[in-house]
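Chemist: Sharing a structure here in structure tokens format.
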Amino acid sequence: QTSVLATTSSTFDDFTSMKTGDPGHFSLDSYTDLNDTRYSSADWLHNMKNLPRSSVLRAVKGPVLSIMSWSFFVSIVHRCLMMSKKWSGLAQHMNLSSTPHSLLVSSLGLLLVFRTNSAYQKFAEGRRIWEKILSISRNVSRLATLYETDVKPERRRRVQRLLAAFPYLLRHHIQPCCLTSSQCAELLGSKHVLTLESSSSKGIKQCWVDRRDLPWSLLPNIALKKCAAVNNKPLWICDRLSKELQDVEYTPNFTSRERLTFLSQIDKLSQCVGECERIHQTAVPLNYARHSLRGLTLWLLSLPFSLVKDLGLMTAPVMGIIAWLLLGVYEIGYAIEDPFQGSLNLNSLCESIHKDVMYGYFGDDIKRSRGNAFQIDKEESEEWEGRTAHAIEMNLERADHRIKPSGKLSDLEAITPSMSP
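Heads up: the sequence shown at position 413 corresponds to 433 in my numbering, and the numbers run straight through without jumps.
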């Protein structure tokens, strides 16, 4: 059995062929997300096979090759000087003591650990924010369905569409996804192209999207034009949701308490926008990042002079492994510093919210969605009552069975509670 629950798309084929022997077979259940990867020590061979396709290795390939080239040059010069009787003494002066590097490695490790930990804290916080968005969206859609009689079905459907559009617009706000030049050329002159404008200190930026894609297809034309004209589009969704809920008329079942409950949930969505902006716009202090990278670079460039005496021509491959490990840790910290740029799978989170909020919409079968939880017919109610009566009867029979002929319970049974189904 495999201990890997899922794997990334880049290693999907390798994963399936190695674990099952069949490249076209995949045995994970339908609830497994390919982004939820778990690796144990038993997967060492799988990880080593996929090392050439490692994204971290690709990111640090340039500096690693530079360190290896420098190490190879140092080892060649050292070998040539050692073979020359005239310059053999100079070769001895090339050898540095390992003491300085041993003393500096602890400080260097602390620099890397602190940077990586601060980046991981932002990654974990980003995931908690989107978890909150998922929960709030589900709660608001549930409340809108429960109070559909007071909210009215048309307003409930508008609230659903606005909730489904919110995560996509928040993702676009912190991770813009615009059409490429080739895609724009294909849709040039078509009514499906939507132009988005955002103003900043550097001027006005334009972005083109296909209005047939999510979330643009969830909004009608007039609302879409209003939303496209503002800079902060997820905040516009929060404002429109607040307006929709504020316009609900008072009824015996929908009072100020229910209205404030709805609006408090929308306030939490608005707070999530600000929290995402804070993570996206706040980087690790540049002085700290520069100092860490400079210290790591100097340490790696001087290390070959301590190893060349013992390793000779093997200095270059050894330095390549060391540089890959240390620069890889630094690169991981840089990659997860802004979790919204690829570390978090925002696509799956947006799809989950859309699926959970838009139940029974656009011709979906409500029997296969969470919407059927709000439908309780007479037959189901009678079955619930029948199950309850049956459970009570079973408990009484179990109690009678536990009573001894004397009519008393044993000491053990007297302190053991009956287990009801």
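Where a beta carbon is used, it is the ideal one built from N, C-alpha and C, also for glycine. For clarity, every value in this text was computed on a predicted model and none was experimentally measured.
Can you give me the Cβ contacts of LEU369 inside the same chain, cut-off strictly under 7 Å, excluding the 5 residues immediately before and after it?
Modeler: Here residue 369 refers to the residue found at position 349 when the sequence shown is read from its first residue. Taken in chain order, the residues that qualify are TRP150, LEU154 and PRO187.
Chemist: Expressed to the nearest angstrom, what Euclidean distance is found between the alpha-carbon atoms of SER210 and ARG232?
Modeler: Taking the sequence shown and counting its residues from 1, one reaches residue 210 at position 190. Taking the sequence shown and counting its residues from 1, one reaches residue 232 at position 212. Their backbone Cα atoms lie some 12 Å apart in a straight line.
Chemist: Just to confirm my understanding: we take ALA434, look at its own chain, exclude 5 residues before and 5 after, and list those with CB closer than 7 Å. What are they?
Modeler: Walking along the sequence shown from the start, residue 434 turns up at place 414. Unreliable positioning characterises ALA434 in this predicted model, as indicated by a pLDDT of 48, which lies under 50. A coordinate reading is not provided.
Chemist: I'd like the list of long-range same chain contacts for VAL377, defined as Cβ closer than 6 Å, with 5 residues on each side in sequence excluded.
Modeler: For the purposes of this step, residue 377 is taken as residue 357 along the sequence shown, with counting starting at 1. For VAL377, where only same-chain residues beyond five positions count, the Cβ hits under 6 Å are SER157, SER161, GLN180, LEU183 and ALA184.
Chemist: Between the beta-carbon of ALA79 and the beta-carbon of GLU351, is there less than 8 Å?
Modeler: To locate residue 79, count along the sequence shown from 1; it is residue 59. To locate residue 351, count along the sequence shown from 1; it is residue 331. Cβ distance < 8 Å, so ALA79 and GLU351 count as in contact.
Chemist: Between the C-alpha atoms of SER30 and SER74, what's the straight-line distance to the nearest angstrom?
Modeler: Position 10 of the sequence shown holds residue 30. Position 54 of the sequence shown holds residue 74. The predicted position of SER30 is uncertain, since its pLDDT is 38 and thus under 50; no value can be drawn from it.
Chemist: Which residue marks the beginning of the alpha helix (DSSP H) containing GLY362, and which one marks its end?
Modeler: Looking up residue 362 in the sequence shown gives position 342. Run containing GLY362: none; DSSP gives neither H nor E here.
Chemist: In the DSSP output, what is ILE224 paired with across the bridge?
Modeler: Numbered from its first residue, the sequence shown carries residue 224 at position 204. BP columns for ILE224 point to SER219.
Chemist: Just to confirm before moving on: does the CB-CB distance between LEU208 and LYS253 stay below 8 Å?
Modeler: Residue numbering aside, residue 208 sits at position 188 when the sequence shown is read from its first letter. Residue numbering aside, residue 253 sits at position 233 when the sequence shown is read from its first letter. Against a cut-off of 8 Å, the Cβ pair of LYS253 and LEU208 comes out as no contact.
Chemist: Is LEU333 buried or exposed, if buried means 16 or more other CB atoms sit within 10 Å of its CB?
Modeler: As a first step, residue 333 must be located in the sequence shown, where it is residue number 313. Under this definition LEU333 is an exposed residue.
Chemist: Relative to the C-alpha of ILE87, which residue among GLY406, GLU371, ILE342 and PHE360 is closest?
Modeler: In the sequence shown, residue 87 corresponds to position 67, counting from 1. Considering only alpha carbons, the answer is ILE342.
Chemist: Do the segment 161-177 and the segment 360-369 touch if we need at least three Cβ pairs shorter than 8 Å?
Modeler: No, the segment 161-177 is not in contact with the segment 360-369.
Chemist: My understanding is that PRO83 touches LEU347, with C-beta atoms under 8 Å, so please give their C-beta distance in whole angstroms.
Modeler: Indexing the sequence shown from 1 puts residue 83 at position 63. Indexing the sequence shown from 1 puts residue 347 at position 327. At roughly 6 Å, the Cβ-Cβ gap stays under 8 Å, so PRO83 and LEU347 are in contact.
Chemist: Let me make sure I understand the geometry here. Which of ASP397, SER60 and SER95 has the alpha-carbon closest to that of PRO337?
Modeler: In the sequence shown, residue 337 corresponds to position 317, counting from 1. Checked all of ASP397, SER60 and SER95; the closest Cα to PRO337 is SER95.
Chemist: Pairing CB atoms from the segment 123-143 with CB atoms from the segment 310-322, are three or more of them under 8 Å?
Modeler: yes
Chemist: Excluding the five sequence neighbours on either side, which residues of its own chain have a C-beta within less than 8 Å of the C-beta of ALA249, listed in chain order?
Modeler: Indexing the sequence shown from 1 puts residue 249 at position 229. If we look at ALA249 and ignore the five residues flanking it on each side, its Cβ neighbours are GLU217.
Chemist: Work out the CA separation of LEU166 and MET414 for me, nearest whole Å.
Modeler: Residue numbering aside, residue 414 sits at position 394 when the sequence shown is read from its first letter. Residue numbering aside, residue 166 sits at position 146 when the sequence shown is read from its first letter. In a straight line, the C-alpha of MET414 is about 35 Å away from that of LEU166.
Chemist: With H, G and I counted as helix, E and B as strand and the rest as coil, what does DSSP make of ASP259?
Modeler: Counted from its first residue, the sequence shown places residue 259 at position 239. Of the three classes helix, strand and coil, the one that applies to ASP259 here is helix, per DSSP.
Chemist: Provide the residue span of the alpha helix (DSSP H) that contains ILE341, from first to last.
Modeler: The residue given as residue 341 occupies position 321 in the sequence shown. It spans 335-357 - the alpha helix (DSSP H) in which ILE341 sits, taken as one unbroken run.
Chemist: Helix, strand or coil for VAL304? Go by DSSP, reduced to three states.
Modeler: Counting from 1 along the sequence shown, the entry for residue 304 is found at position 284. Note: VAL304 maps to coil in three-state DSSP.
Chemist: How many Å lie between ILE242 and GLU399 at the Cα?
Modeler: Position 222 of the sequence shown holds residue 242. Position 379 of the sequence shown holds residue 399. Each residue's alpha carbon lies about 45 Å from the other.
Chemist: Report the option in ILE412, SER220, LEU321 and VAL328 whose CA atom is closest to the CA atom of LEU85.
Modeler: Numbered from its first residue, the sequence shown carries residue 85 at position 65. Cα-wise, what sits closest to LEU85 is LEU321.
Chemist: Do PHE282 and LEU163 have their beta-carbon atoms positioned less than 8 Å apart in this structure?
Modeler: Here residue 163 corresponds to residue number 143 of the sequence shown, with the count starting at 1. Here residue 282 corresponds to residue number 262 of the sequence shown, with the count starting at 1. Contact flag set, yes.
Chemist: Is any heavy atom of the ligand MN found at a distance shorter than 7 Å from the C-beta of GLY353?
Modeler: The ligand MN is not among the ligands present in this structure, which contains no ligands whatsoever.
Chemist: Use the C-beta contact count for THR215: other C-beta atoms within 10 angstroms, 16 or more gives buried, fewer gives exposed.
Modeler: For the purposes of this step, residue 215 is taken as residue 195 along the sequence shown, with counting starting at 1. Its Cβ having fewer than 16 others within 10 Å, THR215 is exposed.
Chemist: Just to confirm, is the Cβ distance from HIS121 to LEU345 under 8 Å?
Modeler: Stepping through the sequence shown from its first residue, residue 121 is reached at position 101. Stepping through the sequence shown from its first residue, residue 345 is reached at position 325. It is not a contact, given that the beta carbons lie outside the stated cut-off.
Chemist: Assign SER219 to one of two classes, buried (16 or more other C-beta atoms within 10 Å of its C-beta) or exposed (fewer than that).
Modeler: Numbered from 1 along the sequence shown, position 199 holds the residue referred to as residue 219. Exposed, since its Cβ has fewer than 16 Cβ neighbours within 10 Å.
Chemist: Does the beta-carbon distance from GLU357 to VAL304 come in below 8 Å?
Modeler: Within the sequence shown, residue 357 is the residue found at index 337, counting from 1. Within the sequence shown, residue 304 is the residue found at index 284, counting from 1. It is a contact, given that the beta carbons lie within the stated cut-off.
Chemist: In its own chain, which residues sit with a C-beta less than 7 Å from the C-beta of ARG191, not counting the 5 before and 5 after it?
Modeler: In the sequence shown, residue 191 corresponds to position 171, counting from 1. Here the set comprises LEU366 and CYS370.
Chemist: One question on the structure: do GLU1 and ARG178 come within less than 8 Å of each other, judged by their Cβ atoms?
Modeler: Residue 1 falls outside the range modelled here, since the chain spans only 21 to 441, and no answer is possible.
Chemist: Skipping 5 residues on each side, what residues in its chain have a beta carbon closer than 8 Å to that of LYS288?
Modeler: In the sequence shown, the residue the question calls residue 288 occupies position 268. Same-chain partners within the cutoff: LYS152 and ILE156.
Chemist: Among ILE396, GLU174, LEU116 and LYS142, which one has its Cα closest to the Cα of GLY353?
Modeler: Here residue 353 refers to the residue found at position 333 of the sequence shown. Here the closest residue by C-alpha is LYS142.
Chemist: By Cβ distance below 8 Å, which residues in the same chain neighbour ASN67 in space, the five residues on each side in sequence not counted?
Modeler: For the purposes of this step, residue 67 is identified with residue 47 of the sequence shown, where counting begins at 1. Answer for ASN67: TYR59, listed in chain order.
Chemist: Secondary structure at VAL250, three-state DSSP: helix, strand or coil?
Modeler: The sequence position of residue 250 within the sequence shown is 230, counting from 1. Here VAL250 sits in coil by DSSP.
Chemist: Going by beta carbon distance, what residues of the same chain come within less than 8 Å of PHE93, once the five residues before and after it are set aside?
Modeler: As a working mapping, residue 93 is identified with position 73 in the sequence shown. Nothing listed; no residue qualifies.
Chemist: Would you kindly report the start and end of the unbroken alpha helix (DSSP H) that includes ALA139?
Modeler: What you label residue 139 is simply residue 119 of the sequence shown in a count that begins at 1. Here the alpha helix (DSSP H) through ALA139 covers 119-166.
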